[in-house]
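Novice:
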Amino acid sequence: MPQTRETRAGEASMGDWSVMTMMDGSMMGWFWLWPVLLLIGLALLGYLIYRPVQDRHGGAQEDPSSAHRILDERYARGEIDEQEYRSRRTDLN
């Protein structure tokens with residue numbers, strides 16, 4: 768059965784109507800939610816990967832050389848005497 772121009776025009780308008788219904792209907796109100804959820808998910812994934820890596824490398828913990836540095840600074844400022852300095856230095860090593 769050959770399609771007439773009227774039939775094709777009717778089908779096109781029916782197709783346009785269904786697309787317009789989705790765009791103007793309730794679907795459009797929630798369309799912004801998926802990109803936001805994707806960004807939140809990526810940020811959470813990045814944090815969950817970063818945290819164990821940071822903990823493995825010491826994170827906020829100070830390295831042992833900083834204890835030596837602090838001890839040297841206290842001795843240089845005169846807060847501790849030589850005997851206490853040597854004693855603590857031996858304990859750190």
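Counting from 768, one number per residue, gives the positions in the sequence shown under this note's numbering. Think of the CB as a built atom: it goes at the ideal place given N, C-alpha and C, for glycine as much as any other residue. For clarity, every value in this text was computed on a predicted model and none was experimentally measured.
Would you report the Cα separation of Gln850 and Leu809, rounded to the nearest angstrom?
Specialist: Those two C-alpha atoms are separated by around 55 Å.
Novice: Grab the span of the alpha helix (DSSP H) containing Trp801 for me, first residue to last.
Specialist: Note, Trp801: alpha helix (DSSP H), Leu800 to Arg823.
Novice: For Arg856, which residues of its own chain have a beta-carbon under 8 Å away from its beta-carbon, when the five flanking residues on both sides are left out?
Specialist: Around Arg856: His835 and Leu838.
Novice: For Leu806 and Ile816, what's the separation of their Cα atoms in angstroms?
Specialist: Taking the straight line joining both Cα atoms gives about 15 Å.
Novice: Along the alpha helix (DSSP H) that carries Glu849, what are the first and last residues, could you check?
Specialist: Element bounds for Glu849: Glu849 to Leu859.
Novice: If I measure Cβ to Cβ from Asp822 and keep anything under 8 Å in the same chain, skipping five residues before and after, which residues do I get?
Specialist: Excluding positions up to five away in sequence, the list is empty.
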